[in-house]
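Chemist: The structure's right below; bear with me while I get my questions together.
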Amino acid sequence: SDLLERVMESALLQAVFLPLLLSPIAYILGRKMGPTVTTWFTFGVLLYCTFLVIQVALSGSYEEHYVWTKLFGEFGFKLDGLAIPFAVIIYVLSTVLALYSKPYMMHKFHELYEEHVHHSHSGSGQTTAIVESSEMNSYVKNQSGLYFALYLVFAMGMLGTVLSTNLIEFYVFFEVMLIPGFFLVAFYGDGPRRRISLMFLFWTHVGAVVLLLGFLTIGLSIGSFDFTAISEAKIPQNILMLAAIAIVVGLGVKLAAFIFHIWLPYVHGAAPTPISALLSPAMIGIGAYGIFRLIIEFLPNTYAEMAIWLHIWGLATMIYGGAMALMQDDVKRLLAYSSVSQMGYILFGIGSYSTLGLAGAEFMYVTHGLGKALLFMTAGILIVQCGTRSMTKLGGLASKMPITAVCGVIGALTIAGVPPTSGFMGEWTLFAGALDTAVKGHTTGGDTLRLVAFGLGLVATVITMSYMLWMLKRVFFGKLPEHLSHVKEASWYMTAPMMVLAGFTIIVGLYPDIFFKDILPYMKGVLGA
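Next comes the structure, spelled out in structure tokens:
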């Protein structure tokens with residue numbers, strides 16, 4: 185019991201840094217033992233860390249503090265009503281996707297190897313099969329080691345960001361999450377992957393620099409970067425709004441909100457599918473976490489002034505993302521635009537300026553995480569089993585892949601907000617909050633504008649429903665094309681993680697208090713309701 189107490193004392197420190205410290209081991213294991221061992225090693229590390237996070241989350245609010253430098257203040261980790269849903273979803277997804285990665289990435293490494301051989305042997309036609317198979321094995325081993333090492337660092341960057349207790353620490357983790365993401369797209373992506381990964385780096389890095397300017401403005405004006413020291417009262421009035429706008433713009437790029445969304449469809453279209461399934465649900469939503477923590481919690485009066493603008497910005501993002509999703513043929517691009525739209529919902533809720541709206545917005549992060557991960561995993565199975573992402577070439581697959589079809593449908597219903605999935609709970613709460621504010625009309629800027637926004641928000645949900653059902657119909661129902669008559673269900677590595685997430689979204693839909701019991705008190709406290 186003493187040992188357990190000791191372990192739990194530094195639980196968050198372990199949960200954040202173990203993946204980073206063990207990533208070189210994942211790399212070495214991959215090179216020496218091959219993909220299967222590395223997959224299970226990575227899964228084991230993340231499972232242990234997920235267990236730590238959930239164990240701490242069950243006990244409610246919790247903080248750890250470590251000495252850092254006089255210059256920046258303390259280095260700490262904080263798990264509270266706001267961070268719990270983010271932290272849990274990030275690590276649950278990272279853990280199940282580690283297993284899912286194996287068959288998908290094996291498929292990918294083989295493709296990349298053929299590309300590599302094609303380039304190196306394009307002159308001579310004398311490669312023997314034996315040399316090739318041993319060469320290929322070593323190539324796959326090396327690549328799997330590298331992939332899982334980057335994967336662990338990526339997961340750790342995301343968790344570190346949502347647990348930070350200091351602006352500089354937040355920024356460091358925010359950037360750490362970007363670097364492995366960049367390499368994963370550059371090495372293992374589809375299409376013009378190097379160009380797209382540079383675009384990803386450029387957009388999100390510029391966003392992060394704008395964010396850093398906001399941080400420095402606040403930190404230097406109050407003489408501390410610690411979250412505990414930040415309050416509106418201490419920040420000079422003339423720079424307060426500027427700092428807040430810098431932070432919102434910086435996070436808006438990460439969120440891929442309308443106007444700053446340009447990079448997202450390209451990156452999701454190109455990223456290897458397990459990474460799309462982390463980027464889209466887990467990573468871009470961290471932009472929303474930043475707005476909750478840095479604007480709503482620390483700068484409540486500034487937030488009150490900005491709320492209506494965030495509301496409208498969210499609405500524009502919802503409608504634009506949904507309309508673009510309706511026009512896609514490539515499954516992954518459709519899901520990417522859908523993510524833009526879903527981030528719009530979160531912004532819409534943030535702008536609602538009500539406890540319910542804010543709680544619903546954070547709950548949407550959870551439901552989007554589960555639903556979109558399921559859908560990207562479905563897309564990955566289509567790529568591996570059918571060899572195509574184009575919906576016009578698919579159809580009638582429900583008979584061939586029943587498990588994938590059921591999980592895909594549950595994912596789509598979660599995003600569309602149909603009960604009993606978790607999506608319904610999120611959207612219902614979000615719109616209830618938005619309507620509440622509009623009807624009371626307490627806020628400046630009149631209630632008519634908010635009522636119109638509420639009505640248009642409901643129109644956006646119809647668009648969401650349309651592109652989800654349209655996608656399901658074209659992929660799983662209708663007539664099976666002849667070239668797909670031999671298609672089989674994917675391996676357990678791919679289907680079992682999907683079944684876990686599909687079960688989770690239904691459980692959360694039936695018992696939303698799993699997350700609401702932490703979210704609601706926090707949001708009430710923040711708004712001083």
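Take 185 as the starting number for the sequence shown in our numbering and just add one per residue.
We put the beta carbon where it would ideally sit given N, CA and C, even for glycine.
#1: Could you confirm whether any beta carbon from chain D is found closer than 8 Å to the beta carbon of Tyr504?
#2: Out of Ser194, Tyr521, Glu298, Ala427, state which residue places its alpha-carbon closest to the alpha-carbon of Ala441.
#3: Would you call the CB atoms of Ala461 and Met561 closer than 8 Å?
#4: Checking the sheet assignment: what are the DSSP bridge partners for Thr253?
#5: Go through its chain and collect everything with a Cβ distance to Gly629's Cβ below 6 Å, but skip five positions before and after it.
#6: Considering only the beta carbon of each residue, do Ser207 and Leu336 sit closer than 8 Å?
#7: Compute the distance between the beta-carbons of Ser525 and Ala545, then report whether it is under 8 Å.
#8: Looking only at DSSP bridge pairs, what is Ser525 linked to?
#9: Considering only residues of the same chain and omitting the five flanking positions on each side of Asn485, which have a CB-CB separation below 8 Å?
#10: Would you identify the three-state DSSP class for Tyr677, choosing helix, strand or coil?
#11: Going by C-alpha distance, which of Lys254, Tyr232, Leu242, Lys577 is nearest Phe700?
#12: Apply the 10 Å Cβ neighbour rule to Asp702 and answer buried if 16 or more other Cβ atoms are within range, or exposed otherwise.
#13: Note down the Cα distance separating Ser348 from Phe261, rounded to an integer number of angstroms.
#14: Look at the alpha carbon of Phe293 and the alpha carbon of Phe371, and state the distance between them as a whole number of angstroms.
#15: Does the distance from the C-beta atom of Arg634 to that of Ala622 stay below 8 Å?
#16: I believe Val369 touches Val451 by the beta-carbon criterion, under 8 Å. Please report the beta-carbon distance rounded to the nearest angstrom.
#17: What runs of the beta strand (DSSP E), each 3 residues or longer, lie entirely inside the stretch 224 to 308?
#18: Going by C-alpha distance, which of Gly375, Ala413, Gly436 is nearest Val390?
#19: Beta-carbon separation of Met620 and Leu540 under 8 Å?
#20: Secondary structure at Ser348, three-state DSSP: helix, strand or coil?
#21: Any chance the stretch 664 to 683 sits against the stretch 588 to 599, with 3 or more Cβ pairs inside 8 Å?
#22: Look at the alpha carbon of Gly709 and the alpha carbon of Gln512, and state the distance between them as a whole number of angstroms.
#23: Could you tell me the boundaries of the alpha helix (DSSP H) in which Lys438 lies?
#24: Closest by CA to Ile406, which one among Leu395, Leu397, Leu396, Pro420?
#25: Alpha carbon to alpha carbon, how far is Ala500 from Val646?
#26: Can you list, in chain order, the residues of its chain with a C-beta nearer than 8 Å to that of Lys672? Leave out the 5 residues immediately preceding and following it.
#27: Output yes or no for whether 8 Å exceeds the beta carbon distance between Thr388 and Lys438.
#28: Spatial neighbours of Phe660 within its chain, please: C-beta separation below 6 Å, excluding the five flanking residues on both sides.
#29: Could you tell me the boundaries of the alpha helix (DSSP H) in which Lys216 lies?
#30: Measuring straight from C-alpha to C-alpha, what distance separates Ile268 and Asn350?
#31: With a 10 Å radius around its C-beta and 16 neighbouring C-beta atoms as the bar for buried, classify Val636 as buried or exposed.
#32: Report the three-state DSSP secondary structure of Asp374 (helix, strand or coil).
#33: Whole alpha helix (DSSP H) runs in the stretch 560 to 629 with 4 or more residues, listed along the chain?
#34: Residues bridged to Asp410 by DSSP?
#35: What did DSSP end up calling Asp631 once you bin it into helix, strand or coil?
Modeler: This is what the structure holds:
#1: The structure shown contains no chain D; it is built from a single protein chain.
#2: Tyr521
#3: yes
#4: Gly257
#5: In this prediction, Gly629 has a pLDDT of 48, which is less than 50 and means its spatial position is unreliable; what the coordinates show is noted afterwards. These residues qualify, in order along the chain: Ile492.
#6: yes
#7: no
#8: None; Ser525 has no bridge partner.
#9: Glu416
#10: helix
#11: Leu242
#12: buried
#13: 5 Å
#14: 10 Å
#15: yes
#16: 6 Å
#17: 246 to 253, 257 to 263
#18: Gly436
#19: The sequence given here places Asp at residue 620; Met does not occur at that position. Yes, Cβ-Cβ distance for Asp620 and Leu540 is below 8 Å.
#20: strand
#21: yes
#22: 42 Å
#23: 421 to 439
#24: Pro420
#25: 15 Å
#26: Gln569, Lys584, Met585
#27: yes
#28: Leu581, Ala582, Ala589
#29: 195 to 217
#30: 17 Å
#31: exposed
#32: coil
#33: 586 to 600, 606 to 624
#34: Asn350
#35: helix
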